[in-house]
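First up is the structure itself, then whatever we jot down about it.
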Amino acid sequence: MVSAERVAAQDWRDLYPFESNFLELDGAKLHFVDEGPKDAPVLLFVHGNPTWSFYWRELILAFRGEFRCVAIDHIGCGLSEKPEDYPYTLARRIEDLESLSEHLSLDRITMVVHDWGGAIGMGFATRHPEKIERNIVFNTAAFRSSSMPFSIALCRVPGFGPLAVRGLNAFARVAQFRAIYDRSNLIPPVSNGYLAPYDSWENRVAIQRFVEDIPMSESHPSYTTLLEVENGLERLLDKPMLIVWGDDDFCFHPEFRKEWERRFPAAEVHALKDAGHYVVEDATDKIVQWMKTFLSSAK
146 MVSAERVAAQ DWRDLYPFES NFLELDGAKL HFVDEGPKDA PVLLFVHGNP TWSFYWRELI
206 LAFRGEFRCV AIDHIGCGLS EKPEDYPYTL ARRIEDLESL SEHLSLDRIT MVVHDWGGAI
266 GMGFATRHPE KIERNIVFNT AAFRSSSMPF SIALCRVPGF GPLAVRGLNA FARVAQFRAI
326 YDRSNLIPPV SNGYLAPYDS WENRVAIQRF VEDIPMSESH PSYTTLLEVE NGLERLLDKP
386 MLIVWGDDDF CFHPEFRKEW ERRFPAAEVH ALKDAGHYVV EDATDKIVQW MKTFLSSAK
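If you want it as structure tokens, here you go:
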């Protein structure tokens with residue numbers, strides 16, 4: 146585990162001025178951010194791979210005055226513990242989010258999801274639609290896909306994958322440069338913030354396991370779970386949805402956005418040609434304004 150004290154000493158901490166909170170789940174400590182009034186409507190931020198709650202820092206700062214901003218670090222990610230023997234599966238990720246929600250008695254939730262957070266967050270939302278008020282979606286999926294980028298497929302090759310992902314930290318390092326459209330946004334404190342929790346073979350276990358957990362066939366252990374999430378999306382059709390997409394995305398390309406639009410035809414959509422997979426980094430100011438308008442008008 147990368148301790149909060151150890152990580153706090155690095156130069157990105159000023160960008161992430163949040164108190165650390167922990168919830169123990171079957172012997173593993175899950176880290177989360179909980180900022181803002183405890184009786185306010187909730188923004189529940191769910192990150193993907195290879196990021197962590199650091200990805201949401203600017204949105205938390207922008208909205209914690211009016212909303213209760215809760216951001217999870219999945220087990221193995223960010224400041225959460227990183228056990229080897231944890232079941233790193235989609236089903237367990239959804240259960241962990243349920244445990245956190247129950248622990249904090251969350252209600253009146255706006256889900257805010259990105260990357261793997263889409264399947265995890267929508268998995269939670271489809272199981273508990275009565276708790277959900279709105280959904281905000283950034284470059285993600287909560288449904289099956291038949292395509293996978295070659296670079297990600299390489300990371301699933303036995304032998305080579307673990308060496309590249311856990312040994313060289315290639316997945317996280319390459320993701321930074323491919324996921325941000327405007328590289329001037331990747332100043333050293335930002336780059337360091339993304340990489341700091343993943344500083345050793347042991348601390349990169351979740352990055353590798355997330356890659357391995359992508360279900361590309363019916364025989365995959367997480368296929369059934371993803372199918373359940375996909376089939377449950379119709380339970381959310383009555384919830385207002387905001388979709389913001391960085392179209393210059395090597396992984397979740399615009400066809401994924403179009404699938405969201407097909408499934409949620411009433412959604413408000415903003416497609417950005419000059420933004421990538423880490424769209425929140427590329428278009429922070431625009432996103433804050435769109436979210437403010439959406440959250441005030443969708444009551």
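According to my numbering, the sequence shown is numbered sequentially starting from 146. C-beta atoms are modelled at their ideal positions from N, C-alpha and C, and glycine is treated no differently. In this text the structure is predicted, and so the values were computed from the model without any measurement.
Short Cβ contact (8 Å threshold) for residue i with residue j
i, j, result
"F439", "L387", "yes"
"T271", "V374", "yes"
"D427", "Y326", "yes"
"R316", "V356", "Inspection of the sequence shows that residue 316 is occupied by Phe rather than by Arg. For F316 and V356, yes; Cβs fall inside 8 Å."
"C214", "E180", "yes"
"Q278", "P186", "First, the amino acid is wrong: residue 278 is Glu here, not Gln. Yes, these two residues count as a Cβ contact at 8 Å."
"F269", "I239", "yes"
"F283", "V425", "yes"
"T255", "L188", "yes"
"W346", "R311", "yes"
"L371", "P360", "yes"
"S337", "D156", "First, the residue type needs correcting, since residue 337 is Asn and not Ser in the sequence shown. Result yes, Cβ atoms of N337 and D156 sit closer than 8 Å."
"F401", "P294", "no"
"A286", "A264", "yes"
"E203", "T429", "yes"
"D358", "S367", "yes"
Per DSSP, the bridge partner or partners of residue i
i, result
"D179", "V215"
"I485", "Only positions 146 to 444 of the chain appear in the structure, and residue 485 is not among them; the question remains open."
"A173", "L170"
"V191", "V258"
Other residues of its chain near residue i: CB distance less than 8 Å, five sequence neighbours each side excluded
i, result
"L170", "I220, D241 and S244"
"A154", "Note that A154 scores a pLDDT of 44, beneath 50, so its modelled location is shaky; the value from the coordinates is reported in the next line. Nothing listed; no residue qualifies."
"D159", "P334"
"V152", "In this prediction, V152 scores a pLDDT of 46, lower than 50, which makes its location untrustworthy; the coordinate-derived value is nonetheless stated afterwards. R158, L224, A341 and P342."
Own chain residues within Cβ distance below 7 Å of residue i, not counting five before or after
i, result
"A216", "F177, V178, F190, S198, W201 and I205"
"W435", "L387, V389 and H415"
"K227", "M146, G221, E347, N348, V350 and A351"
"E150", "With a pLDDT of 48 at E150, under the threshold of 50, the modelled position of that residue is not reliable, and the figure given next carries that caveat. Nothing meets the Cβ criterion."
"F167", "K174, L175 and H176"
Cβ shell of residue i (< 6 Å), same chain only, five flanking positions each side left out
i, result
"P195", "F316, A317, A320 and I352"
"Y423", "A324 and I325"
"S148", "Residue placement at S148 is poorly supported in this model, since its pLDDT is 48, which falls under 50; the coordinates are not used for a value here."
"P399", "D392"
Point to revise | Every unbroken beta strand (DSSP E) within the region 346–429, with a cutoff of 3 residues, ordered by chain | key: 386–393 and 413–421
Review point. Taking three-plus beta-carbon pairs below 8 Å as touching, is the region 161–178 in contact with the region 402–410?
Key: no
Practice item. Please list the segments of the alpha helix (DSSP H) lying wholly inside the region 207–277, counting only runs of 4 or more residues, in order along the chain. Key: 235–249 and 262–272
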